[in-house]
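Chemist:
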Amino acid sequence: MPELPEVETIARGLDKRIAGDIIESVWLGEKPQPLKSSAAEIVAVLERSRIVHVRRVGKHIVFDLELQRQGGKRPPRLASGKMTRTWGTAPPRGQWIVHLGMTGRLLIASPEVETEKHTHAVLKLASGRELRFVDPRRFGRLAVVRIESQGDGAGFAAPGVEPLESKIEQFVNLFRHRKTPIKSALLNQKLLSGVGNIYADESLFRAGIRPRRQAASLTRAELGKLHVALQEVLREAIKLGGSSVSDYVDAEGREGFFQLQHRVYGRENKPCLVCGRPIKRVIIAGRSSHYCAKCQK
Numbered sequence: 027m028p029e030l031p032e033v034e035t036i037a038r039g040l041d042k043r044i045a046g047d048i049i050e051s052v053w054l055g056e057k058p059q060p061l062k063s064s065a066a067e068i069v070a071v072l073e074r075s076r077i078v079h080v081r082r083v084g085k086h087i088v089f090d091l092e093l094q095r096q097g098g099k100r101p102p103r104l105a106s107g108k109m110t111r112t113w114g115t116a117p118p119r120g121q122w123i124v125h126l127g128m129t130g131r132l133l134i135a136s137p138e139v140e141t142e143k144h145t146h147a148v149l150k151l152a153s154g155r156e157l158r159f160v161d162p163r164r165f166g167r168l169a170v171v172r173i174e175s176q177g178d179g180a181g182f183a184a185p186g187v188e189p190l191e192s193k194i195e196q197f198v199n200l201f202r203h204r205k206t207p208i209k210s211a212l213l214n215q216k217l218l219s220g221v222g223n224i225y226a227d228e229s230l231f232r233a234g235i236r237p238r239r240q241a242a243s244l245t246r247a248e249l250g251k252l253h254v255a256l257q258e259v260l261r262e263a264i265k266l267g268g269s270s271v272s273d274y275v276d277a278e279g280r281e282g283f284f285q286l287q288h289r290v291y292g293r294e295n296k297p298c299l300v301c302g303r304p305i306k307r308v309i310i311a312g313r314s315s316h317y318c319a320k321c322q323k
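Okay, so the sequence shown: first residue is 27 according to the numbering used here, each after it adds one.
So, in structure tokens, the structure goes:
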């Protein structure tokens, strides 16, 4: 499943390429699993909307939209097909929320490019391109919301703290009284939004903490190291476009490179890059965890 760095990479790429474009029409496939909102509601919100911004919220990709006004009136278009920003008053707003699940991808393609099998949504854009949602295993989800209030904070919000914005005291308080293994606590999306298996393992290794340690047993100094390590790992991974360990690619079909920097994840029985001991793999709450028995205490 794409984690925070992969989703951030995809969102940034989409924002760079399609922000300002208009969704002219929407095609949805027959499979109901990807649709968290009804097909009719998705079409009603997306069609003829302007994509203002594409961003990551937790592990979700959020498209902030300016919706068509009642009566179908919109500002005049520029030669590029995009619209001017001269609204008389603030336009109605909405959001398209995409969760990629295990195998979901958002791809920008020319109409003449053959549509892949397992494509569940195609958005035709005014610029002549298409935005396609492809998901072979159908664990991804598509939803829309209409935003009534113009106030800040309206719309979709992740349930947990944003890891890259967390402060040390806030981070420490998240885990101070948790009796679950620290690895499980890191993966709890109600605590931290966006952290997954890869980056939890890599952060725990850099902080020198074993994944089975009870979160409440960690000292403030250890949690401080983990806080620094987690943000460091996530930023490095974003810079390198994420980790392509399965079928992950960004919006332009390019693989990430952070997998070349993995120190423990996926390296079972290989020598630790620090001490040379074989990397161990254990199962914690049904998830694989990789660590070095010497470097992590």
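The beta carbon of each residue, even a glycine, is placed where N, CA and C say it ideally should be.
Return the first residue and the last residue of the beta strand (DSSP E) that tyrosine 317 is part of.
Modeler: 313-317
Chemist: Just the Cα atoms here: how many angstroms apart are proline 31 and glycine 267?
Modeler: Answer to the nearest angstrom: the Cα atoms are 7 Å apart.
Chemist: Alpha carbon to alpha carbon, how far is glutamine 322 from phenylalanine 201? Give it in angstroms, no decimals.
Modeler: 18 Å
Chemist: Since alanine 37 and isoleucine 87 are thought to touch, with beta carbons under 8 Å apart, how far apart are those beta carbons, to the nearest angstrom?
Modeler: 5 Å
Chemist: What whole-angstrom Cβ distance do valine 83 and alanine 45 have, given they're in contact under 8 Å?
Modeler: The C-beta distance from valine 83 to alanine 45 rounds to 16 Å, too long to meet the 8 Å contact threshold.
Chemist: Between arginine 111 and the rest of its own chain, which residues show a CB-CB distance below 6 Å, the 5 nearest in sequence each way excluded?
Modeler: Here the model assigns arginine 111 a pLDDT of 43, short of 50, so the residue's position is not dependable, and the following value carries that caveat. Hits under 6 Å: none found.
Chemist: Can you find the residues in the same chain that come closer than 7 Å, C-beta to C-beta, to alanine 319, ignoring five residues on each side of it along the sequence?
Modeler: Arg303 and Lys306
Chemist: Please name the residue or residues paired with leucine 168 in a DSSP beta bridge.
Modeler: Leu61 and Val124
Chemist: Hey, quick one: how far does the alpha helix (DSSP H) through aspartate 41 stretch, first residue to last?
Modeler: 30-44
Chemist: Under a three-way DSSP split, which group does proline 304 fall into?
Modeler: strand
Chemist: So glutamate 228 is in the alpha helix (DSSP H); what residue range does that whole segment cover?
Modeler: 223-233
Chemist: Looking at proline 207 and the ligand MG, is the gap between the Cβ and the nearest heavy atom below 7 Å?
Modeler: The model depicted lacks the ligand MG and carries no ligand whatsoever.
Chemist: State whether the stretch 156-172 contacts the stretch 214-222, with contact taken as three or more CB pairs (one from each stretch) at a distance under 8 Å.
Modeler: no
Chemist: For phenylalanine 283, which three-state DSSP category applies?
Modeler: coil
Chemist: Leaving aside the five residues before and after tryptophan 53 along the sequence, list all residues of the same chain whose C-beta is less than 6 Å from its C-beta, in chain order.
Modeler: Val148
Chemist: Starting from the Cα of glutamate 294, find the closest Cα among Pro118, Leu126 and Ile309 and give me that residue.
Modeler: Ile309
Chemist: Bridge partners for serine 51 per DSSP, in chain order?
Modeler: Answer by DSSP bridge pairing, in chain order: Lys150.
Chemist: Take every Cβ of the stretch 210-218, pair it with every Cβ of the stretch 179-188, and state whether three or more of those distances are shorter than 8 Å.
Modeler: With the rule of 3 Cβ pairs closer than 8 Å, the stretch 210-218 counts as touching the stretch 179-188.
Chemist: Grab me the residues of glutamate 142's own chain with a C-beta within less than 7 Å of its C-beta, minus the 5 sequence neighbours each way, in chain order.
Modeler: Correct list, in chain order: Val160.
Chemist: Please check the pair valine 259 and tyrosine 291, which I expect to be a contact at CB under 8 Å, by giving their CB distance rounded to whole angstroms.
Modeler: About 10 Å; that fails the 8 Å criterion.
Chemist: Looking at proline 237: is its Cβ nearer than 8 Å to the Cβ of serine 153?
Modeler: no
Chemist: Closer than 8 Å by C-beta to isoleucine 235: which residues in its own chain qualify, once you throw out the five before and the five after it? Chain order, please.
Modeler: Ile208, Leu244, Glu248, Lys251, Leu252, Gln322 and Lys323
Chemist: Would you check if the distance between the CB atom of leucine 168 and the CB atom of proline 60 is smaller than 8 Å?
Modeler: yes
Chemist: Look at the alpha carbon of alanine 277 and the alpha carbon of leucine 40, and state the distance between them as a whole number of angstroms.
Modeler: 6 Å
Chemist: Mapping the DSSP letters down to three states, classify valine 259 as helix, strand or coil.
Modeler: helix
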